[in-house]
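Residue 1060 in the numbering used here is what sits at position 92 of the sequence shown, and the numbering runs on without skipping anything.
Where a beta carbon is used, it is the ideal one built from N, C-alpha and C, also for glycine.
The model shown is predicted, which means the values in this text are computed figures rather than measured ones.
Okay, so here's the structure we're looking at.
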Amino acid sequence: MNKYLMIGIIVLVIVAVGAYLYMNNQTPSAGITDEATNDAMVKKESNETAVEEKSENEAMEKTEDTAITDESTKEFTLNASSFKYDVTEIRVKKGDTVKIILNNTGGIHDWVIDEFDARTKQINDGETDTVTFVASETGEFEYYCSIGNHRAMGMVGTLIVEE
């Protein structure tokens, strides 16, 4: 009887751990041994700067379009994927209204900045959410994904509010 109880407990633990990892969209990243995965990650990191510049340029173009109707509203579109945002730095002026459009391209993510009490909803792959707030203080503020350990895995960026 004790043997069946132990097997049941082990199965229950395995199911619970699997459900936790699935719900938090976690993939083990330590000890990657797959050479193709390593190559893809290196290539992705080397292209990261170009992607970031392109995203910033697109965000600036959208800001210019928005400036025609409301000069104090700055709009930025961020794509969230596995443990990263494609835009990791946003610059605005103090007093600007900041509009963040978060597109989720993989997993479950959100966008949070504590100092301005601003956050999107937690969204699934393929979904979009928007948050708007006023950048009322100058300084550098970290934004992050609050899902699981995404923040600790590097899913962060910086909002820079200048005078």
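Residues near residue i by beta carbon distance below 6 angstroms, same chain, minus five either side
i               : result
isoleucine 1058 : Phe1044 and Leu1127
threonine 1005  : Its pLDDT being 37, under 50, threonine 1005 is placed unreliably by the model, and nothing is read from it.
Cβ neighbour criterion (16 or more within 10 Å) applied to residue i
i              : result
isoleucine 975 : exposed
asparagine 934 : Residue coverage of the chain in this structure runs from 969 to 1131, which leaves residue 934 outside it and unanswerable.
alanine 984    : exposed
alanine 987    : exposed
Reference residue i; option with closest CA among the options
i               : options                               : result
valine 1124     : Ala987, Thr1065 and Asn1047           : Asn1047
threonine 1056  : Ile977, Lys971, Arg1119 and Thr1100   : Arg1119
threonine 1147  : Gly1094, Val1080, Phe1101 and Met1121 : In the structure displayed, the chain extends from 969 to 1131; residue 1147 sits before or after that span and is not available.
asparagine 1092 : Cys1113, Asp1064 and Gly1122          : Cys1113
glycine 1075    : Val981, Ile1115 and Asn970            : Ile1115
Cut-off 8 angstroms between Cβ atoms - residues of its own chain near residue i, not counting five sequence neighbours on either side
i           : result
valine 979  : none
lysine 1062 : Ala1103, Ser1104, Glu1105, Thr1106, Val1129, Glu1130 and Glu1131
lysine 1067 : Thr1034, Thr1041, Lys1042, Glu1043, Phe1044, Thr1098, Val1099 and Thr1100
Beta-carbon contacts of residue i that lie in its chain and below 7 angstroms, excluding the five residues immediately before and after
i               : result
isoleucine 1081 : Phe1109, Tyr1111 and Leu1127
Of all the beta strand (DSSP E) runs that stay within the bounds of the segment 1033-1082, which reach a length of 3 or more residues? 1041-1049, 1057-1061 and 1065-1072
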